[in-house]
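Everything below concerns the one structure shown next.
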Amino acid sequence: MQTILSIGADALSYGMVLFIISIGLSVTMGLMKVVNLAHGAFAMIGGYIASYATQQMGLPFGVAIIAAVLGTMLVAVPLERFLYRRIYGAPELTQVLMTIGITFAIIGIANFAMGPTLKTIALPSQLQGPVDLGFRTIAAHKLFAAAVGVVVAIALWFIIERTPFGVRLRASVDDAAMAGALGIRTKIIYAVSFALAVGLAALGGVVGAQLLPIEPYYALHYMVTFLVVVSVGGAGSITGALVAALLLGAVQTTGRYLMPEYGEFFFYLAVIAIVCVFPNGLMGRSK
Amino acid sequence: MSKLLLASLTLALTSSVAFADTIKIGVVGPFSGPAALQGKNFQAGIDAWLAINGNTIGDDTIEIVYRDLPAPDPAQSAALTQELIVSEGVQYLAGYYYTPDAMAAAPILEEGNVPMVVFNAATSAIVNASPYVVRTSFTTWQTSTPMAAVARERGIDKVITVVSDYGPGVDSEAAFVAGFTEAGGEIVESVRMPMNTNDFSPMMQRIKDSGAEAVFAFLPAGPATLGFVQAYVENGLKDAGVTLLAPGDLTQEPDLAALGDNAVGLLTTFHYAVSHDSPENEVFVEAASKAIGSASELSFPAVGAYDGMYVISKMIEATGGNQDAAAAVEAVKGLSWVSPRGPVSINPENRHLTQNIYLREVAQEDGQYINREIQTFENQGDPGWKAP
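The listed protein sequences correspond, in order, to chains Z and L. Using the working numbering, the letters of the first sequence map in sequence onto residues 66 to 352. Using the working numbering, the letters of the second sequence map in sequence onto residues 22 to 409.
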């Protein structure tokens with residue numbers, strides 16, 4: 066029983082980290098229809114900024130998170146203006162080629178500027194060390210990541226479903242020409258939602274850095290995981306991404322505990338099974 | 022067109038005669054990609070050796086030709102090796118970070134009349150792949166075996182082994198299990214983790230449930246070690262007194278800063294620590310730090326490269342600069358010298374390094390984390406090597 070509870074706790078925390086780091090990609094892929102393979106690169110930039118802020122400048126963790134999110138958005142604005150704007154609505158292959166190119170460029174720059182070694186983000190003392198849950202101890206930063214995940218999920222749902230901005234975003238996505246004719250400034254809407262997605266990537270990079278450490282190849286290493294969560298959940302669906310992340314987290318954690326020698330077998334088996342039954346993802350809208 | 026080709030061919034032929042006193046050494050390693058740090062260390066080791074000894078041996082000048090091989094890729098390794106021999110005309114091959122790369126290049130050596138000095142790849146069988154392979158690094162068997170004795174000396178009876186599921190991980194497990202059971206210990210469980218594991222909590226739960234007093238772990242140097250050591254501390258295994266034992270790949274110096282306080286007190290066995298206390302190492306570390314740019318990036322492949330350059334220089338001396346692979350390899354069999362890592366010698370039987378393996382403890386000194394050597398296992402051969 067204790068083992069089951071214990072695996073459950075690990076699965077939940079791992080799933081929430083997966084969610085928080087993938088949700089930004091779900092926004093770009095589902096709402097903006099851009100296959101952004103540079104998502105991991107933006108998460109990595111966020112991680113580097115937070116690492117630099119806490120380790121070199123000695124700033125507190127909270128400030129570092131804000132700096133990482135804003136800093137990464139700042140980097141993304143010119144990229145959006147000059148590169149991404151050209152591929153909105155372009156065929157997927159074009160998008161994949163350009164964003165993978167951006168990823169390699171960012172990897173090279175990171176390697177040159179920050180060096181090939183691991184970078185860590187200094188946690189405040191409250192987030193260090195284990196927290197006693199009664200039946201076991203769990204790392205405090207994992208609980209923090211889970212809490213951040215819940216907050217992000219609720220906030221994002223609210224923004225997209227309940228605010229005027231959300232209405233305009235959905236209108237622009239569904240029919241950009243019509244939305245433009247009605248006076249919605251679609252270019253600005255796209256730029257803002259792109260910045261939002263990139264900010265979420267950076268947040269995920271920082272909060273998830275304890276499990277997925279920051280190094281130049283971060284941008285590629287975890288890309289498959291992000292894409293899997295988004296496609297299983299259904300691109301653009303917040304609930305879908307949440308359910309997918311928790312489900313896949315549970316499958317992977319249980320697999321690792323019980324039969325580690327099978328590797329990622331169960332993870333991908335679950336992915337194949339889900340995609341067979343739900344071709345558009347768990348909560349994806351049919352095309 | 023064909024005249025031009027002929028002319029350039031003639032030029033190429035005559036020029037190779039004219040510059041016969043320049044000896045080219047081809048170095049294959051990961052100079053970009055995920056293991057770029059280790060490639061950088063190859064280069065730092067070579068540059069350090071050249072800075073200390075100069076680039077001439079007798080009348081001959083050495084020239085290094087680098088080829089980048091970012092990830093394990095046997096086909097590409099064979100292609101680069103061939104290219105180095107045929108079009109660059111290298112007399113010596115060196116480097117090779119990953120086992121499959123060295124294995125793929127080995128069959129070309131005899132035909133090309135070129136010796137290969139392996140700077141890193143750590144599987145015992147590589148030296149059997151060709152009589153022209155000499156290795157100046159270590160094998161996973163060599164660094165893992167002494168850990169069994171360490172565990173027994175500390176009164177540990179029950180151990181669980183947890184290794185990354187690939188060649189070196191399996192080697193490491195086999196070496197430790199063999200040594201530990203022979204010394205009367207009991208292995209309660211052997212777990213192999215997938216290579217791309219990033220959340221190690223379930224593994225730690227499993228270690229806890231196994232009831233072992235210690236865990237023997239092998240992970241390749243790099244990102245995964247951070248998650249592993251962190252999970253070990255955060256899941257309360259360190260506090261519960263479950264000892265973590267591992268070969269030194271887990272605590273290579275460039276990763277120590279990231280591992281931080283969590284790593285303090287970890288016991289690892291390895292052939293080289295940057296903090297090794299000897300005059301030879303002091304000279305080496307100074308030159309290599311200068312070459313790599315920052316002392317914190319210095320790691321074990323640098324010393325493999327540095328010693329490899331020494332071996333190649335002896336080969337060049339022995340053959341007077343002539344291309345004769347058999348004579349060159351023969352000349353260094355049994356060679357012994359004092360390396361930055363301590364006294365070493367080349368075993369004439371398998372052309373692999375016999376060296377000291379040190380037990381080290383991660384400690385903080387002057388605000389920096391180091392692998393402090395606390396025990397020496399002298400003149401260790403490669404227990405994993407089997408005569409072909």
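Built from N, CA and C at the ideal position, the CB exists for glycine as well. Computed from a predicted structure; not experimentally measured.
Length of the line joining the Cα atoms of residue i and residue j
i: residue 295 of chain Z; j: residue 69 of chain Z; result: 27 Å
i: residue 90 of chain Z; j: residue 251 of chain L; result: 28 Å
i: residue 35 of chain L; j: residue 244 of chain L; result: Any answer about residue 35 of chain L is weak, because its pLDDT of 47 lies below 50 and its placement is not dependable; what the coordinates show is given next. Going by the C-alpha atoms only, they are around 50 Å apart.
i: residue 37 of chain L; j: residue 109 of chain L; result: At residue 37 of chain L the pLDDT is 44, less than 50, meaning the model places this residue with poor confidence and gives no usable figure here.
i: residue 376 of chain L; j: residue 223 of chain L; result: 37 Å
i: residue 72 of chain L; j: residue 304 of chain L; result: 11 Å
i: residue 169 of chain Z; j: residue 50 of chain L; result: 20 Å
i: residue 199 of chain L; j: residue 344 of chain L; result: 42 Å
i: residue 335 of chain Z; j: residue 220 of chain L; result: 18 Å
i: residue 238 of chain Z; j: residue 98 of chain Z; result: 8 Å
i: residue 289 of chain L; j: residue 381 of chain L; result: 5 Å
i: residue 76 of chain Z; j: residue 94 of chain Z; result: 26 Å
i: residue 123 of chain Z; j: residue 229 of chain Z; result: 39 Å
i: residue 240 of chain L; j: residue 270 of chain L; result: 7 Å
i: residue 85 of chain Z; j: residue 309 of chain Z; result: 12 Å
i: residue 313 of chain L; j: residue 62 of chain L; result: 7 Å
Contact with chain Z by residue i, beta-carbon distance below 8 Å
i: residue 186 of chain L; result: yes
i: residue 248 of chain L; result: yes
i: residue 257 of chain L; result: yes
i: residue 279 of chain L; result: yes
i: residue 137 of chain L; result: no
i: residue 12 of chain L; result: What is shown of chain L runs 22 to 409, which leaves residue 12 of chain L out entirely.
i: residue 95 of chain L; result: no
Residue environment, residue i, which counts as buried when at least 16 other CB atoms sit within 10 Å
i: residue 190 of chain Z; result: exposed
i: residue 173 of chain Z; result: exposed
i: residue 237 of chain L; result: buried
i: residue 162 of chain L; result: buried
i: residue 213 of chain Z; result: buried
i: residue 101 of chain Z; result: buried
i: residue 424 of chain L; result: Only positions 22 to 409 of chain L appear in this structure, which leaves residue 424 of chain L out of reach.
i: residue 263 of chain Z; result: buried
i: residue 81 of chain Z; result: buried
i: residue 383 of chain L; result: buried
i: residue 198 of chain Z; result: exposed
i: residue 147 of chain L; result: buried
i: residue 344 of chain Z; result: exposed
i: residue 141 of chain L; result: buried
Which residues DSSP lists as bridging residue i, in chain order
i: residue 214 of chain L; result: L:185
i: residue 367 of chain L; result: L:374
i: residue 97 of chain L; result: Paired residue(s): none; residue 97 of chain L is not in a bridge.
i: residue 402 of chain L; result: In DSSP, residue 402 of chain L forms no bridge with anything.
i: residue 296 of chain L; result: None, per the DSSP bridge assignment.
i: residue 113 of chain L; result: L:46
i: residue 392 of chain L; result: L:383
i: residue 83 of chain L; result: L:44
i: residue 156 of chain L; result: L:139, L:373
i: residue 233 of chain Z; result: Its beta-bridge partners do not exist; DSSP assigns none.
i: residue 78 of chain L; result: L:81
i: residue 291 of chain L; result: L:379
CB contact flag (residue i, residue j, <8 Å)
i: residue 264 of chain L; j: residue 235 of chain L; result: yes
i: residue 209 of chain L; j: residue 180 of chain L; result: yes
i: residue 153 of chain L; j: residue 128 of chain L; result: no
i: residue 118 of chain Z; j: residue 267 of chain Z; result: no
i: residue 285 of chain L; j: residue 385 of chain L; result: yes
i: residue 126 of chain L; j: residue 165 of chain L; result: no
i: residue 138 of chain L; j: residue 113 of chain L; result: yes
i: residue 257 of chain L; j: residue 195 of chain Z; result: yes
i: residue 54 of chain L; j: residue 92 of chain L; result: yes
i: residue 106 of chain Z; j: residue 133 of chain Z; result: no
i: residue 203 of chain Z; j: residue 78 of chain Z; result: yes
i: residue 210 of chain Z; j: residue 301 of chain Z; result: no
Test: residue i CB closer than 8 Å to a CB of chain L
i: residue 275 of chain Z; result: yes
i: residue 145 of chain Z; result: no
i: residue 184 of chain Z; result: yes
i: residue 300 of chain Z; result: no
i: residue 180 of chain Z; result: yes
i: residue 328 of chain Z; result: yes
i: residue 125 of chain Z; result: no
i: residue 254 of chain Z; result: no
Residues of the stretch 197–231 of chain Z in Cβ contact with chain C at a cutoff of 9 Å, in chain order, please.
Protein chains in the displayed structure are Z and L, and chain C is not among them.
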